[in-house]
Amino acid sequence: MDLGSLRIFYSTGIEGSVSKASLKLNCVQSNVTTRIKQLENELDVQLFYRKKRGMELTPSGKILMGYAEKALVLFREARLAVQETEILKGPLTIGSLESTAAARLPVILTRFHQEYPEVDLTIQTGTDTGLKTMITGYQLDAAFVEASAKNTALDQIPVFNEELVVVTGKNADPPESMERPTLIVFPMGCTYRRILKDWFAQKGVHCFKVMEFGSHEGILGCVSAGLGVTLFPVSLITRLKYNDRIRIYKLPKKIGNLSIHLIKRKDTLTTRALTEFQRIVHEEAGKPDME
C-alpha cells in the first residue's frame, strides 16, 4: 500500500466518482480504476460499491478514508517542513469567499507575491459552507469565511468587517415596498443570498423570483439595469465602481455587519509561508483603505 494508491483512493472517496477523481488528479480513468482494484486485492476487502453513477464507500472504505486522510496530511506536512529554508518557498493554498477575493485580496496577494515570489500560492474560491468543509478535510491551509460558532478544532481570527447593503437600480421601488422581489444572486450556498432572503422574510416577504449569476459584475450590471435587487458588501461596490449607478439601502447593524475570519485547523502545521501570509493580511486590513 503506497502513498500514490492512497491518494487515488482518497480522491475517489471524496469525489464519489472515478471520472471526477481522474480530472482532479490529472490522470486517466483506467489508472484510477486499476490502482483502486490493486489496493482492494492487496487489502483483501471491497472499498467501493460500484453504482451506475459513481462510487460509494463500503464500511471498510470509510475506515480506510480516515487513515488515508491522516497519512496524506502527514506526508504534506513532512514535505513542507523540509522545504522550510531561508528562501521561503513551497505550496500555500488559501480559500476565500468570492466577494472577499474580489474586494480584499488583490492588494494582499500582490504584496505577498512581491515579498515571497518563490511560494506557490493558490486561491480557491467557494461558498462559506464549501470552504469550511475543505478546511475540515485538510484541503486548504486557511480560508476567509463568515464568522461562525466557536469550533475548538479551528483557529478563527477576525480580519475584515464587511458592511452589507441592499442594492437596487436607481429608479427601482424601495425594497421595503416590493411584494415579490427578483433576487439577483449567486447560486445556493452564498452567504449574501441567505442574508437577503432572511431580511425580506423579516418583513413578511416569502415569495421570490430568482436570477442566478456567476460573477459580481453580472449581478451588479443587472441590478443597475433595474432587473432586481441584491445584497453586496460596500467595499466590493466601491471597488467595482458602481456607486453612481445603483441605489443603496443600509441595514440594521445586527444583520448589516458581517465579520470575515481567517480560519485554519489547529492540528496542522503552520508553515512560515502561512505565518507571513497572515502577517500581511493583518497589516493590510489595518490600513484605512481596507476598512
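To convert, note that position 242 of the sequence shown is 244 in our numbering; the numbers rise steadily by one, no gaps. For each residue, glycine too, the CB sits at the ideal point set by N, CA and C. Note that the coordinates shown come from a computational prediction; the quantities given were computed from them, not determined experimentally.
- In the three-state reduction of the DSSP assignment, residue 28 falls in the coil class, being assigned neither a helical nor a strand state.
- 248 is the residue among 180, 60 and 248 whose C-alpha sits nearest the C-alpha of residue 236.
- Here residue 157 carries a strand assignment [DSSP, helix/strand/coil].
- Listed in chain order, the alpha helix (DSSP H) elements of length 4 or more contained wholly in the region 33–84 are 61–84.
- In the pairwise beta carbon analysis, the region 169–185 is classified as touching the region 214–229: at least three pairs are separated by under 8 angstroms.
- Note on the region 247–273: whole beta strand (DSSP E) runs with a minimum of 3 residues are 248–252 and 259–267, in chain order.
- Annotation for residue 237: the continuous alpha helix (DSSP H) segment containing it runs 236–241.
- Taking the Cα positions, residue 126 is about 29 angstroms away from residue 255.
- DSSP places residue 7 in no beta strand (DSSP E) but in the uninterrupted alpha helix (DSSP H) bounded by 5–17.
- A distance of 7 angstroms or more separates the beta carbons of residue 130 and residue 268.
- In chain order, 110, 161 and 264 place their CB closer than 7 angstroms to the CB of residue 283, counting only its own chain and leaving out the 5 sequence neighbours on each side.
- Around residue 121, the same chain offers 90, 91, 92, 94 and 275 as residues with beta carbons nearer than 7 angstroms, after the five sequence neighbours per side are excluded.
- Put simply, of 145, 38, 165 and 105 the residue whose alpha carbon is nearest the alpha carbon of residue 67 is 38.
- Scanning the region 193–227 for uninterrupted alpha helix (DSSP H) segments of 4 residues or longer gives 193–204 and 218–226, listed from N- to C-terminal end.
- In this structure, residue 105 sits away from residue 260, with a CB-CB distance that is not shorter than 7 angstroms.
- The DSSP assignment places complete beta strand (DSSP E) segments of no fewer than 3 residues inside the region 118–180 at 121–128, 144–148 and 156–171, in order along the chain.
- In this structure, 266 is the residue among 266, 222, 57 and 31 with its C-alpha nearest to the C-alpha of residue 97.
- Counting of Cβ neighbours within 10 angstroms places residue 148 among the buried residues, the total reaching 16 or more.
- Just so you know, the alpha carbons of residue 250 and residue 24 end up roughly 46 angstroms apart.
- The region 3–10 makes contact with the region 68–78: 3 or more CB pairs, one atom from each, lie closer than 8 angstroms.
- When DSSP reads this structure, residue 98 sits in a beta bridge with 127 and 146.
- 218 is the residue among 218, 53 and 257 whose C-alpha sits nearest the C-alpha of residue 244.
- Beta-bridge analysis with DSSP links residue 109 to no other residue.
- The beta carbon of residue 178 is closer than 7 angstroms to those of 205 in its chain, skipping five residues each way along the sequence.
- DSSP lists 185 as the beta-bridge partner residues of residue 231.
- Note that the C-beta distance between residue 114 and residue 279 is below 7 angstroms.
- Considering only 262, 192 and 200, the residue with the shortest C-alpha distance to residue 150 is 262.
- Residue 154 and residue 181 have their C-alpha atoms spaced approximately 43 angstroms apart.
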